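A.B. asks: The following block contains the structure, expressed as structure tokens.
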Amino acid sequence: MRAVVQRVRNASVTVDGAVTGSAGTGLAILVGVTHDDGPEEVKYLRDKITNLRIFHGDEDDIGFERSALEVEADILLVSQFTLYASTRKGRRPGFTEAAPGPVSEPLFEQVVAAFKETGLRVETGVFGAKMMVELANDGPATFILDTADRNTPRRG
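Okay, here's the thing in structure tokens:
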């Protein structure tokens, strides 16, 4: 499972002219699912993202001092199969590493449920829909997480 996590001042998702999800100060999270993802990846991603210290300690602080849980951040989750695009060959991306909708939709719903368990305000886009995502990236602060990396040994 992959996630692009952006610290935002605000974010929203619009489908067919109607806002389907929004967030104030918090995180806009794009989530991609691959074939071998399951409940372990869901829990890891939720725990890692909600506990990462990527928010300022106070208004004058420019460091990374507090987590989403500590600041009671809003969360906007958006499914994004293109996070598993392969661009190695040719001019058109391939998506064979992305799980198909019948596999990825239930897992994405598990991600949504897992984030809701934290007590944070969670909203989403519409799975599989053509969406317009708007956001004001705060920082900018953008982080890329891949659950496959959790088993990779650290370097020196």
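Sequential numbering from 76 applies to the sequence shown in my numbering.
Yeah, the Cβ is synthetic: ideal placement off N, Cα and C, and Gly gets one too.
Please read all numbers here as calculations on a predicted model, not as lab measurements.
What's the C-alpha gap between Pro177 and Asp136?
C.D. replies: Here residue 177 is taken as the residue at index 102 of the sequence shown, counted from 1. Here residue 136 is taken as the residue at index 61 of the sequence shown, counted from 1. One C-alpha to the other measures close to 44 Å.
A.B. asks: Suppose the cutoff is 6 Å on Cβ atoms and the five residues either side in sequence are ignored; what does the same chain contact list for Gln81 look like?
C.D. replies: If you number the sequence shown from 1, residue 81 lands on position 6. Only Ala103, Asn212 and Thr217 meet the Cβ criterion.
A.B. asks: Are Phe156 and Phe170 closer than 8 Å when you measure CB to CB?
C.D. replies: The count along the sequence shown starts at 1 and reaches residue 156 at position 81. The count along the sequence shown starts at 1 and reaches residue 170 at position 95. Contact flag set, yes.
A.B. asks: Does the distance from the CB of Leu105 to the CB of Ala78 come in under 8 Å?
C.D. replies: Your numbering for residue 105 matches position 30 in the sequence shown. Your numbering for residue 78 matches position 3 in the sequence shown. Yes, the Cβ-Cβ distance between Leu105 and Ala78 is below 8 Å.
A.B. asks: Give the range of the beta strand (DSSP E) segment to which Val106 is assigned.
C.D. replies: Numbered from 1 along the sequence shown, position 31 holds the residue referred to as residue 106. Counting along the chain, the beta strand (DSSP E) containing Val106 begins and ends at Gly101 to Gly107.
A.B. asks: Could you check which residue in Thr162, Gly107 and Leu195 has the C-alpha nearest to that of Ala174?
C.D. replies: By 1-based counting over the sequence shown, the position of residue 174 is 99. Looking at the Cα atoms, Gly107 is the closest of the given residues.
A.B. asks: In the DSSP output, which residue or residues are listed as bridge partners for Ala173?
C.D. replies: Walking along the sequence shown from the start, residue 173 turns up at place 98. Looking at the DSSP assignment, Ala173 forms a beta bridge with Thr109.
A.B. asks: For Gly203, which residues of its own chain have a beta-carbon under 8 Å away from its beta-carbon, when the five flanking residues on both sides are left out?
C.D. replies: In the sequence shown, counting from the first residue as 1, residue 203 sits at position 128. Correct list, in chain order: Ser154, Gly176 and Glu180.
A.B. asks: As an exercise, report each continuous beta strand (DSSP E) stretch of at least 3 residues that is fully enclosed by the region 130-197, in chain order.
C.D. replies: The region 130-197 contains these whole beta strand (DSSP E) runs: 149-154.
A.B. asks: How do the region 114-124 and the region 187-203 stand: do at least 3 beta-carbon pairs fall below 8 Å, yes or no?
C.D. replies: Counting Cβ pairs under 8 Å, three or more are found: they touch.
A.B. asks: Would you identify the three-state DSSP class for Val201, choosing helix, strand or coil?
C.D. replies: Position 126 of the sequence shown, counted from the start, is the residue given in the question as residue 201. Of the three classes helix, strand and coil, the one that applies to Val201 here is coil, per DSSP.
A.B. asks: Looking only at DSSP bridge pairs, what is Leu127 linked to?
C.D. replies: Reading the sequence shown from its first residue, position 52 is the one you call residue 127. According to DSSP, which records beta bridges pairwise, Leu127 is partnered with nothing at all.
A.B. asks: Would DSSP call Pro114 helix, strand or coil?
C.D. replies: Taking the sequence shown and counting its residues from 1, one reaches residue 114 at position 39. Pro114: helix per DSSP, three-state reduction.
A.B. asks: Hey, would you say Val90 sits closer than 8 Å to Met206, going by beta carbons?
C.D. replies: On the sequence shown, residue 90 is found 15 positions in, with the first residue counted as 1. On the sequence shown, residue 206 is found 131 positions in, with the first residue counted as 1. A contact, by the Cβ cut-off of 8 Å.
A.B. asks: For Asn85 and Leu152, what's the separation of their Cα atoms in angstroms?
C.D. replies: Counted from its first residue, the sequence shown places residue 85 at position 10. Counted from its first residue, the sequence shown places residue 152 at position 77. Taking the straight line from one Cα to the other gives about 13 Å.
A.B. asks: When DSSP labels each residue in this structure, what does Thr95 get in the three-state scheme?
C.D. replies: Here residue 95 corresponds to residue number 20 of the sequence shown, with the count starting at 1. Note: Thr95 maps to strand in three-state DSSP.
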